[in-house]
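Student: Structure incoming, see below.
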Amino acid sequence: MLQRRFLQVDVFGAEPYEGNPVAVVVDGEGLSTEQMQRFAAWTNLSETTFLLPPSEPAADYRVRIFTPGTELPFAGHPTLGSAHAWLASGGTAATAGRLVQECGVGLVELRESGGRWSFAAPALRRYEAPDDETLARATDALGLDPGDVVDASWLDNGPPWLALRLRSRETVLAVRPRYADLGDLHLGVVAAPGSDGTAVEVRAFGADFSEDPVTGSLNAGLAQWLTDTGVVTVPYVAAQGTALGRGGRVHVTAPDGGLWVGGRTTTAIAGTVAL
Numbered sequence: 059m060l061q062r063r064f065l066q067v068d069v070f071g072a073e074p075y076e077g078n079p080v081a082v083v084v085d086g087e088g089l090s091t092e093q094m095q096r097f098a099a100w101t102n103l104s105e106t107t108f109l110l111p112p113s114e115p116a117a118d119y120r121v122r123i124f125t126p127g128t129e130l131p132f133a134g135h136p137t138l139g140s141a142h143a144w145l146a147s148g149g150t151a152a153t154a155g156r157l158v159q160e161c162g163v164g165l166v167e168l169r170e171s172g173g174r175w176s177f178a179a180p181a182l183r184r185y186e187a188p189d190d191e192t193l194a195r196a197t198d199a200l201g202l203d204p205g206d207v208v209d210a211s212w213l214d215n216g217p218p219w220l221a222l223r224l225r226s227r228e229t230v231l232a233v234r235p236r237y238a239d240l241g242d243l244h245l246g247v248v249a250a251p252g253s254d255g256t257a258v259e260v261r262a263f264g265a266d267f268s269e270d271p272v273t274g275s276l277n278a279g280l281a282q283w284l285t286d287t288g289v290v291t292v293p294y295v296a297a298q299g300t301a302l303g304r305g306g307r308v309h310v311t312a313p314d315g316g317l318w319v320g321g322r323t324t325t326a327i328a329g330t331v332a333l
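Per my numbering, the sequence shown starts with residue 59, numbered consecutively.
Printed below as a string of structure tokens:
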């Protein structure tokens, strides 16, 4: 085993330790997929990432992203946490204030503004209303009445989110899922307005991770859907993690007409791991 550099980064917290942690192995070279998956299962965080040299000339670094049970082509808070760890460990961007991450969905751009990094929201691979049977299954698993759901859409940008817009923040915070009934569904719920002056309140659920404290990929998909349907206008801030006692804040901007998703990142743990 080798001692490899390791950081655990808090992402999207309004203050340190109020967001979502991601484990980052800085020196990922030489590890097999099985070794990466085993370590991700051991950390038991929603995601663990491994930094590698890029294979694309345009990229600054490459990242592989794992949940405790599977590899993901993209995820939001691991993207910001991995960028933070790469820079904190001595990485130097080819262009100041800009990064290009290589991952399973291809190249993802990141930019820095006001001390906060944001990623360009990936294109949605599936963006359509769910069929009636799937919507009924999701509504029932979340313990909702059909009248609680105002709208619904698939928002697949790597993780295959199905999002339900609910009638109020209070309805969002009252959701008590039956995780055994979720099956393979990854569900997001949202309502406007959100907590403490934010534009929307968000929660994310899956049988394989229970409730995620703050979710970049879901918020990226929601940004497109909610702006397309006129529910919000950019820039705006989303609250997530309220029901878990967290203070997650996701900042959505459109400096160049595209949607960018960002938030605060803070090193929580720095050291080495034996892998």
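By construction, the Cβ of each residue, glycine as well, lies at the ideal position given by its N, Cα and C atoms. Just so we're clear, the structure is a prediction, and the values are computed from it rather than from any experiment.
Rounded C-beta distance between Ala328 and Leu65? I'm assuming under 8 angstroms.
Tutor: Yes, they are in contact, since the Cβ atoms of Ala328 and Leu65 sit about 5 angstroms apart, within 8 angstroms.
Student: If Leu243 and Ala196 are in contact, beta carbons under 8 angstroms, what's the gap, nearest whole angstrom?
Tutor: Between Ala196 and Leu243 the Cβ distance is about 6 angstroms, and since that is below 8 angstroms, they are a contact.
Student: Is it buried or exposed, Gly299, if we count other Cβ atoms within 10 angstroms and call 16 or more buried?
Tutor: Answer is buried; the Cβ neighbour count reaches 16.
Student: Please classify Gln159 as buried or exposed, where buried requires at least 16 other C-beta atoms within 10 Å of its C-beta.
Tutor: By the neighbour-count rule (16 or more Cβ atoms within 10 Å), Gln159 is buried.
Student: In terms of residue numbering, what span does the beta strand (DSSP E) encompassing Asp242 cover?
Tutor: It is not in any beta strand (DSSP E) - Asp242 carries neither H nor E in the DSSP assignment.
Student: How many angstroms separate the CA atom of Thr287 from the CA atom of Leu280?
Tutor: About 10 angstroms.
Student: According to DSSP, simplified to helix, strand and coil, what is Leu165?
Tutor: Looking at Leu165 - three-state DSSP - the assignment turns out to be strand.
Student: Alpha carbon to alpha carbon, how far is Gln61 from Leu130?
Tutor: The straight-line gap from Cα to Cα measures roughly 25 angstroms.
Student: So Ala146 and Thr291 are supposed to be a Cβ contact under 8 angstroms. How far apart are they, rounded?
Tutor: The Cβ separation is near 34 angstroms, so there is no contact.
Student: Could you tell me which residues DSSP pairs with Gln61 in its beta bridges?
Tutor: BP columns for Gln61 point to Ala332.
Student: DSSP on Phe97, reduced to helix/strand/coil?
Tutor: In the structure shown, Phe97 sits in a helix (DSSP, three-state: H, G or I).
Student: Let me check understanding here. Comparing Cα to Cα, which of Val289, Phe267, Thr285 and Arg261 lies closest to Leu276?
Tutor: Here the closest residue by C-alpha is Arg261.
Student: Can you tell which of Gly306, Glu191, Gly264 and Phe97 has its C-alpha closest to the C-alpha of Ser253?
Tutor: It is Gly306.
Student: Quick check on the DSSP output: the beta strand (DSSP E) that includes Asp209 runs from which residue to which?
Tutor: Counting along the chain, the beta strand (DSSP E) containing Asp209 begins and ends at Val207 to Asp214.
Student: In whole angstroms, what separates the C-alpha of Ala151 from that of Asn102?
Tutor: Taking the straight line from one Cα to the other gives about 30 angstroms.
Student: DSSP three-state call for Pro218: helix, strand or coil?
Tutor: DSSP places Pro218 in strand when its eight states are reduced to three.
Student: Could you name the residues of the same chain whose beta carbon sits closer than 6 angstroms to that of Ala72, not counting the 5 residues immediately before and after it, in chain order?
Tutor: Cβ neighbours of Ala72 beyond the five flanking positions: Gly305 and Arg307.
Student: Quick check: what's the CA-CA separation for Val168 versus Gly255?
Tutor: In the sequence as presented, Val is not what sits at residue 168; that position holds Leu. So the two alpha carbons sit approximately 27 angstroms from each other.
Student: On the criterion of 16 or more Cβ atoms from any shown chain inside 10 Å, does Glu259 qualify as buried, or is it exposed?
Tutor: The residue in question, Glu259, is buried, as its Cβ has 16 or more Cβ neighbours within 10 Å.
Student: Please list the segments of the alpha helix (DSSP H) lying wholly inside the stretch 256-292, counting only runs of 4 or more residues, in order along the chain.
Tutor: Counting whole runs of 4 or more residues, the stretch 256-292 contains the alpha helix (DSSP H) stretches 274-286.
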